[in-house]
């Protein structure tokens, strides 16, 4: 029996680019079973665009009213509504190349363990003019997921078993960590799941003035990360993420549980050494910054 594929999309005042993305979903070589959209209180024409698309889409479209409490709780709303099967996250302002779903489906179909499929992304300007392809991260794993997210929502699809795991672990809405996609990456790898990185890119990642975070490259992105680190925001994210994982630690394998406990103690006591725990970010510069921040008790 063919596995169902559900796409989940968050929308908030997305009229400028929403239609392009919806059209790209309709042009997929492997069509999804359904699209579930959570609109978080748009004040533009986003809802009208969604309902117009729903009338002509080659798959079922459901539009939900979001909680109106920000990104994390809107994703929580979608995850709660998602049925069994493969799921994928779609940003409102990207464009998917025609084989995006087909690639993810081929990688994830009928896997007996939790797995994420992470596609490459091509960063573009608002007019979809190509800038660069974002680099792949070759070493996914729980020790990385505790301090870094390499499975951003708009590039990630979940296997059926990963969907089951996420639904089982889903916390109450008010306890959802700030970045649910990061939590999903950590949860999946902590439960001995796999992260399958696609060599090529199948998502056009549109950059514009209203991106929630934007692409993590370039001088501006480096300065932004440094500001988050020195200002304590990154440390706050780590603690929220760790607390969310600790609540579902029984779903993790014994090795991940032990590492999570040591990491939690280090965050609480301060002065810990990431490399002594095997904790790592992907690049040498990022790892050096992490080690320095831990030593200076900035986390």
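Numbering (the UniProt record's numbering), first residue to last: 1 to 299.
Heads up, the beta-carbon is just placed ideally off N, CA and C, and yes, glycines get one too.
Every value quoted in this text rests on a predicted model; they were computed, and no experiment measured them.
Residue ranges of each alpha helix (DSSP H) within the segment 260–295, 4 or longer: The DSSP assignment places complete alpha helix (DSSP H) segments of no fewer than 4 residues inside the segment 260–295 at 274–277 and 284–295, in order along the chain.
Selected residue, minimal CA-CA separation from residue 274, among 253, 245, 105 and 238: Within the chain shown, the letter at position 274 stands for residue 274. The option with the nearest alpha carbon to residue 274 is 238.
Reduced DSSP secondary structure (H/G/I, E/B, other) of residue 55: Working through the chain shown from its first residue, we reach residue 55 at position 55. Helix.
Beta-carbon proximity check, residue 176 vs residue 82, cutoff 7 angstroms: In the chain shown, residue 176 corresponds to position 176, counting from 1. In the chain shown, residue 82 corresponds to position 82, counting from 1. No, these two residues do not count as a Cβ contact at 7 angstroms.
Status (buried if at least 16 other CB within 10 Å, exposed otherwise) for residue 211: Here residue 211 corresponds to residue number 211 of the chain shown, with the count starting at 1. Confidence is the limiting factor: at residue 211 the pLDDT is only 47, short of 50, which leaves the residue's position unreliable, though a coordinate-based value still follows. With fewer than 16 other Cβ atoms within 10 Å, it is exposed.
Bounding residues of the beta strand (DSSP E) (the contiguous stretch that carries residue 133): By one-based count along the chain shown, residue 133 stands at place 133. Here the beta strand (DSSP E) through residue 133 covers 130–133.
Exposed unless 16 or more other CB atoms sit within 10 angstroms - verdict on residue 126: Position 126 of the chain shown, counted from the start, is the residue given in the question as residue 126. Residue 126 is exposed by the Cβ-count criterion.
CA nearest to the CA of residue 169, picked from 284, 50 and 243: For the purposes of this step, residue 169 is taken as the residue at position 169 of the chain shown. The option with the nearest alpha carbon to residue 169 is 243.
Pair within 7 angstroms by beta-carbon distance, residue 161 and residue 98: Counted from its first residue, the chain shown places residue 161 at position 161. Counted from its first residue, the chain shown places residue 98 at position 98. Taking C-beta atoms as the reference points, residue 161 and residue 98 fail to come closer than 7 angstroms.
Every unbroken beta strand (DSSP E) inside the UniProt domain "Glycosyltransferase 2-like" (9–136) [3 residues or more]: The qualifying runs are 34–39, 60–65, 86–90, 115–124 and 130–133.
DSSP state of residue 157 mapped onto helix, strand, coil: Here residue 157 refers to the residue found at position 157 of the chain shown. Here residue 157 carries a strand assignment [DSSP, helix/strand/coil].
Outcome for residue 14 when other beta-carbon atoms lying within 10 angstroms are tallied against a minimum of 16: Position 14 of the chain shown holds residue 14. It is buried - the Cβ of residue 14 has at least 16 other Cβ atoms within 10 Å.
Same chain, Cβ closer than 7 angstroms to residue 290, neighbours up to 5 away in sequence not counted: Here the question's residue 290 lines up with position 290 in the chain shown. Counting only residues of its own chain and dropping the five nearest sequence neighbours on each side, residue 290 has a CB closer than 7 angstroms to the CB of 147, 274 and 281.
Contacting residues, own chain, Cβ-Cβ under 6 angstroms from residue 266 (five flanking each side not counted): Working through the chain shown from its first residue, we reach residue 266 at position 266. Excluding sequence neighbours, residue 266 sits near 272.
Beta-carbon gap between residue 85 and residue 77 smaller than 7 angstroms: Along the chain shown, one-based indexing puts residue 85 at 85. Along the chain shown, one-based indexing puts residue 77 at 77. No, these two residues do not count as a Cβ contact at 7 angstroms.
Backbone CA spacing between residue 41 and residue 286 [nearest angstrom]: On the chain shown, position 41 is the one that residue 41 refers to. On the chain shown, position 286 is the one that residue 286 refers to. Cα to Cα, the separation comes out at about 36 angstroms.
Contact check, residue 32 vs residue 53, beta carbons under 7 angstroms: Numbered from its first residue, the chain shown carries residue 32 at position 32. Numbered from its first residue, the chain shown carries residue 53 at position 53. At the C-beta level, residue 32 and residue 53 stay beyond 7 angstroms of one another.
Nearest-angstrom Cα separation, counted from residue 250 out to residue 128: To locate residue 128, count along the chain shown from 1; it is residue 128. To locate residue 250, count along the chain shown from 1; it is residue 250. So the two alpha carbons sit approximately 44 angstroms from each other.
Rounded separation between residue 202 and residue 153 - CA only: Walking along the chain shown from the start, residue 202 turns up at place 202. Walking along the chain shown from the start, residue 153 turns up at place 153. Going by C-alpha positions, residue 202 is about 14 angstroms away from residue 153.
Given residue 157 as reference, the closest of 74, 268, 106 and 43 once Cα atoms are compared: Position 157 of the chain shown, counted from the start, is the residue given in the question as residue 157. Looking at 74, 268, 106 and 43, the one whose alpha-carbon comes closest to that of residue 157 is 106.
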